[in-house]
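**Student:** Note that the sequence shown ends on residue 328 in this note's numbering; no numbers are left out.
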Amino acid sequence: MSSALSRYPSQAWSLLAPLRPSGLGANDLPYTLPIHPNLVHLTIGLFVIAIAFDLVGALYPVEKRLFRFLALPVTRGGFHDVGWYNLVLCAGISFLTVAAGFYEMLLADPVPGVRSALGLDSTTTLIWHGVGGVLLLLAIVAMAVWRGFQRFVWRRDYGRQVQWSYLLVGVLLFVVLGLHGTLGAELAAEFGVHVTADQLLADGLDPRQVLP
């Protein structure tokens with residue numbers, strides 16, 4: 117966009133402007149819909165399912181009467197299988213999620229003069245979101261490795277396949293994912309990053325006239 121350079125929030129961020137490819141759309145991307153947000157929600161969903169099913173599997177002795185009453189043909193091992201395979205898939209997709217996030221972050225063109233509800237400017241929010249994304253990637257991979265040792269080595273002969281400490285860390289990561297996701301939501305909702313209407317309005321254009 118023609119006014120992109122003038123609207124970068126800091127000199128440091130504007131140094132990336134020469135790296136931006138030409139031919140970007142109104143949302144500052146070479147494609148219609150951002151990829152990163154979709155992969156993020158897939159990653160979160162897989163992680164939540166992984167921990168939730170392992171938690172149900174860990175509590176299976178308490179719940180099995182309910183399952184019998186409901187005539188549900190479930191097994192403890194089945195719950196732990198779902199937890200394991202979802203976490204492995206989550207760890208793999210997390211690499212794509214972070215890669216797409218950094219690519220789209222380099223093309224980000226935040227609306228100037230805005231502070232988020234947390235009192236952060238766009239550059240600070242982008243940096244924290246980027247660094248946090250890498251740390252969460254490492255945490256998810258570490259959780260997958262930890263889970264693998266429990267499944268195949270430490271608790272291979274036990275009915276409860278996971279340690280309580282593992283489940284506690286998983287639940288704590290739910291909170292971290294929520295806080296980190298808030299930063300990502302603010303980038304779109306408050307700074308207009310890759311939001312077509314916000315970018316057009318920031319350039320003084322009427323979305324009703326420009327968009328089909």
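Cβ atoms here follow ideal geometry from the backbone N, Cα and C, with glycine treated the same way. Bear in mind that the values here come from a model prediction, so they are computed numbers and not experimental data.
Could you give the residue range of the alpha helix (DSSP H) that holds Ala166?
**Tutor:** His152 to Ala174
**Student:** Would Phe163 and Phe195 qualify as a contact pair, given that the criterion is a beta-carbon distance under 7 Å?
**Tutor:** Against a cut-off of 7 Å, the Cβ pair of Phe195 and Phe163 comes out as no contact.
**Student:** How about Asp144 and Leu252: do their beta carbons lie closer than 7 Å?
**Tutor:** no
**Student:** What's the C-alpha gap between Arg272 and Val250?
**Tutor:** For Arg272 and Val250, the distance between alpha carbons rounds to 31 Å.
**Student:** Who are the near neighbours of Leu171 in its chain, counting only those whose CB is closer than 7 Å to its CB and skipping five residues on each side?
**Tutor:** Hits under 7 Å: Leu283.
**Student:** Can you give me the Cβ contacts of Arg123 inside the same chain, cut-off strictly under 8 Å, excluding the 5 residues immediately before and after it?
**Tutor:** Confidence at Arg123 is low in this model, with a pLDDT of 44, below 50, so the placement of that residue should be treated as unreliable; the coordinate-derived value is given next. So the list reads Asp225, Pro226, Val227, Pro228 and Ala318, once near-sequence residues are dropped.
**Student:** Go to Thr239, then tell me how far its alpha helix (DSSP H) extends in each direction, as first and last residue.
**Tutor:** Ser238 to Phe265
**Student:** In chain order, what residues of the same chain lie with their CB nearer than 8 Å to the CB of Phe156, ignoring the 5 residues before and after it?
**Tutor:** One detail in the question is off: residue 156 reads as Val in this sequence, not Phe. Answer for Val156: Thr213, Gly217, Gly297 and Gly300, listed in chain order.
**Student:** Taking 7 Å as the limit between beta carbons, can you name the residues of its chain near Ala255, skipping five residues before and five after?
**Tutor:** Leu289
**Student:** If distances are taken between C-alpha atoms only, which option among Thr191, Leu186, Phe265 and Ile165 comes closest to Tyr176?
**Tutor:** Thr191
**Student:** Grouping DSSP H, G and I as helix and E and B as strand, with all else coil, what is Thr191?
**Tutor:** Under the three-state reduction of DSSP output, Thr191 falls in the coil class, being neither helix nor strand.
**Student:** Cutting at 6 Å between CB atoms, please list the residues of its own chain near Gly286, excluding the five before and the five after it.
**Tutor:** When the five nearest sequence neighbours on each side are left out, the beta carbons in the same chain lying within less than 6 Å of the beta carbon of Gly286 are those of Ile167, in order along the chain.
**Student:** Go to Gly297, then tell me how far its alpha helix (DSSP H) extends in each direction, as first and last residue.
**Tutor:** Trp280 to Ala305
**Student:** At the level of alpha carbons, what is the spacing between Gly235 and Ala305?
**Tutor:** A direct Cα-to-Cα measurement between Gly235 and Ala305 gives close to 14 Å.
**Student:** Determine the direct distance from the alpha carbon of Asn154 to that of Met259, and round the result to whole angstroms.
**Tutor:** 22 Å
**Student:** Measure from the alpha carbon of Val178 to the alpha carbon of each residue in Phe307, Leu293, Gly161 and Arg276, then state which is nearest.
**Tutor:** Arg276
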